[in-house]
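Chains A and B, in that order, give the protein sequences. So for the first sequence, the numbering used here puts the first residue at 32; every next one is plus one. So for the second sequence, the numbering used here puts the first residue at 3; every next one is plus one. In this text, a Cβ means the ideal position worked out from N, Cα and C, and glycines have one as well. I have placed the structure first, in the form of C-alpha cells, so that the comments after it can refer back to it.
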Amino acid sequence: EDQVTQSPEALRLQEGESSSLNCSYTVSGLRGLFWYRQDPGKGPEFLFTLYSAGEEKEKERLKATLTKKESFLHITAPKPEDSATYLCAVQLSPQGGSEKLVFGKGMKLTVNP
Amino acid sequence: NAGVTQTPKFQVLKTGQSMTLQCAQDMNHEYMSWYRQDPGMGLRLIHYSVGAGITDQGEVPNGYNVSRSTTEDFPLRLLSAAPSQTSVYFCASNRQGAGEKLFFGSGTQLSVL
C-alpha cells in the first residue's frame, strides 16, 4: 500500500532554532513530491515541488530536499510567522491507474518568540 | 484575485439532510477536485473533474455526488448527511491534475449531528 509518513507530528521551536521536518514514503511510481503550508482555518498553500533525488528548492527560510525514500523540509532560523501545519504530498503514477496524490497527515510547527 | 471560492464557511446539518457545498474558480482551470480533511488523517480525495462534463471518483466517494456543467463551478452534494461526514471540506483546482500544484479554497467546516 502506498504510504506517506510525516514526522514528527508536532514540533515546538524557539525563534531562531533551526530544525528539519521529514516526509518518508513507500510508494511505487513516484512522479513528484509536493510541500504545502496550511494556516489555521485556511486551505493549504503550495510551497515546493521536487521531482528527482538530489533536487533542492529554497524559499526564504525554507529549503526542501529529496532522496529516493524521503524528503526534508529544513527551516533555518525560524520566526513565529513560520508557525503552521506543513503537509507533504506524493504524486503517483500507478500501473494501470490514473495519476493521484497521496497526502501525509501533516506536521504542526509552533515557533515561540 | 479571487482564486478558489468556497461557500458556506460553516454548516451544521442534521442526519439525513441534504446540502450542496459550492466551489468556484476564476483561473480557467480545467482540473477541479474535492478533498476532506479529518483529524489525524491526510487530505483524502472525494471526487475530481478534468473538465466540464467529466467527473470521476476519488478515494472516498460514497455519500457524495458531483457535477461539472461549467469550467468555473464544481459543487459537491451530500445526498443524506451522516455523522461520519463531519469534516472540513476543501475544493482545489489547477490546469491539468495531479502533476501540478493545487490551488485550494479556504474550506467548509461541516458538522452533522
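With contacts defined by Cβ atoms closer than 8 Å, residue 32 of chain B and residue 5 of chain B do not form a contacting pair. The shortest CA-to-CA distance from residue 140 of chain A to any of A:114, A:86, A:73 and A:51 is the one to A:114. With a threshold of 8 Å between beta carbons, residue 89 of chain B makes no contact with chain A.
Among the residues facing chain B, residue 100 of chain A is not included, as its CB has no counterpart in that chain under 8 Å away. Between the alpha carbons of residue 75 of chain B and residue 25 of chain B lies a gap of roughly 6 Å. Contacts with chain A at 8 Å (Cβ-Cβ) do not include residue 84 of chain B. Scanning B:106, B:12 and B:89 for the CA closest to the CA of residue 97 of chain B turns up B:106. In the structure shown, residue 112 of chain A falls within a helical segment according to DSSP collapsed to helix, strand and coil. At a cut-off of 8 Å between C-beta atoms, residue 35 of chain A counts as an interface residue with respect to chain B. For residue 43 of chain B, the chain A residues whose C-beta falls within less than 7 Å of its own C-beta are 136, listed in chain order. If one requires a minimum length of 3 residues, the beta strand (DSSP E) runs lying completely within the stretch 4-40 of chain B are 6-9, 12-15, 21-27 and 33-39, in chain order. Close to chain A, meaning a Cβ-Cβ distance shorter than 9 Å, are the following residues of the stretch 99-112 of chain B: 99, 100, 101, 102, 103, 104, 105, 106, 107, 108, 109 and 111. Beta-bridge analysis with DSSP links residue 106 of chain B to B:94.
Sorting A:40, A:48, A:98 and A:131 by C-alpha distance to the C-alpha of residue 41 of chain B places A:40 at the top. Between residue 109 of chain B and residue 74 of chain A, the beta carbon gap of about 5 Å places them in contact (Cβ cut-off 8 Å). Beta bridge pairing from DSSP links residue 75 of chain B with B:26.
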